[in-house]
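Take the sequence shown: its letter number 103 is residue 250 in the working numbering, and every next letter is one higher. All residues carry an ideal CB built from backbone N, CA and C; glycine is no exception. What follows is a set of notes on a single structure, which appears directly below.
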Amino acid sequence: MLVLFVLLLIGAAAFGGIAVGKMLGAGEERSVQVVRSVKGEEQVILVTAGVGGIETESDNQSFFGLFDIPFSDRQVFIQYDLDAKFGIEGKDIKIVETGDKAYTITVPTFIYLGYSDPKFSVATESNGILSWTTPEIDKIAAVEDLLTDDVIASHIEDYRSLLEVQAETFYTRIVKGIEPEATLTFEFTK
């Protein structure tokens, strides 16, 4: 009987300790990360462009698609800032010897390689009285929608001269590191 009482007392003390610990902020946290694959890339970043602005997104609830429910509107102004990366597929570079220590380097089409250092913040929100009936606006998706194919093509054209200079500089340094007296000619695919 005494053994049962001692075991019961120990169990109660353990349960009480856990309960008090959780009340005072002790918590349990788990994190799992799985690396699905690792793949070598041959992409060459030639230009990083700081892109920023304010994007307006709005939405409202409709009644079975027939008409918009008044005062159910949501509007958010998202301030964004990110570094867009432009360059080439390095594996598509063609280097052809055209003479004694003379080479023609054909540079492939410039491409968008992604972005880094994204910063998003809500500048302001405007919600109607019944906005709770309208789903929240996905702020990250709204900013990612800014980088459409047309916008990316426009950025590539805007930075084309800089991309060409960077490609020439990059590959000139590589080739001249191996053959200092090399003469290089560059051709750019559009």
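Please report how far the alpha carbon of residue i lies from the alpha carbon of residue j, in whole angstroms.
i	j	result
Tyr250	Ile325	13 Å
Asp305	Val179	42 Å
Pro265	Glu244	42 Å
Thr295	Gly261	12 Å
Lys232	Lys337	18 Å
Val269	Val223	7 Å
Arg183	Tyr259	24 Å
Ser263	Ile201	18 Å
Glu328	Leu309	25 Å
Phe335	Val254	5 Å
Ile240	Gly187	17 Å
Val312	Glu272	43 Å
Ile299	Leu229	14 Å
Glu283	Leu293	19 Å
Gly199	Glu315	28 Å
Met148	Leu155	11 Å
Phe333	Val185	33 Å
For a quick check, are the C-beta atoms of residue i and residue j less than 8 Å apart?
i	j	result
Leu193	Phe317	yes
Glu189	Gly246	no
Arg307	Phe257	yes
Val181	Gly234	no
Going by the DSSP bridge assignment, what does residue i pair with across the sheet?
i	result
Val269	Ile225
Val191	Ile235
Glu202	Ile225
Ser263	Asp230
Ala196	Ala231
Ile303	Per DSSP, none; premise fails for Ile303.
Ile258	Gly234
Would you give the residue range spanned by the beta strand (DSSP E) that residue i belongs to?
i	result
Ile242	Lys241 to Gly246
Glu334	Thr330 to Phe335
Val179	From DSSP, Val179 is part of no beta strand (DSSP E); its letter is neither H nor E.
Thr253	Ala249 to Val254
Who are the Cβ neighbours of residue i in its own chain at under 7 Å, not counting the five residues just before and after it?
i	result
Leu331	Tyr250, Ile252, Thr319 and Val322
Lys248	Glu326, Glu328, Ala329 and Thr330
Asp297	none
Which residue marks the beginning of the alpha helix (DSSP H) containing residue i, and which one marks its end?
i	result
Glu315	Arg307 to Ile325
Residues in the same chain with beta-carbon distance under 6 Å from residue i, minus the five sequence neighbours each way, listed in chain order, please.
i	result
Ile242	Tyr250 and Ile252
Ser339	Absent from the structure is residue 339, since the part of the chain shown begins at 148 and ends at 337.
Ala196	Ala231
Thr203	Phe224
Ile157	none
Measuring only from the beta carbon, is residue i closer than 7 Å to any heavy atom that is part of the ligand ADP?
i	result
Gly261	In terms of ligand content, the structure shown is empty, and the ligand ADP therefore cannot be addressed.
Who are the near neighbours of residue i in its chain, counting only those whose CB is closer than 8 Å to its CB and skipping five residues on each side?
i	result
Ile303	Phe233, Phe257, Ile258, Tyr259 and Leu310
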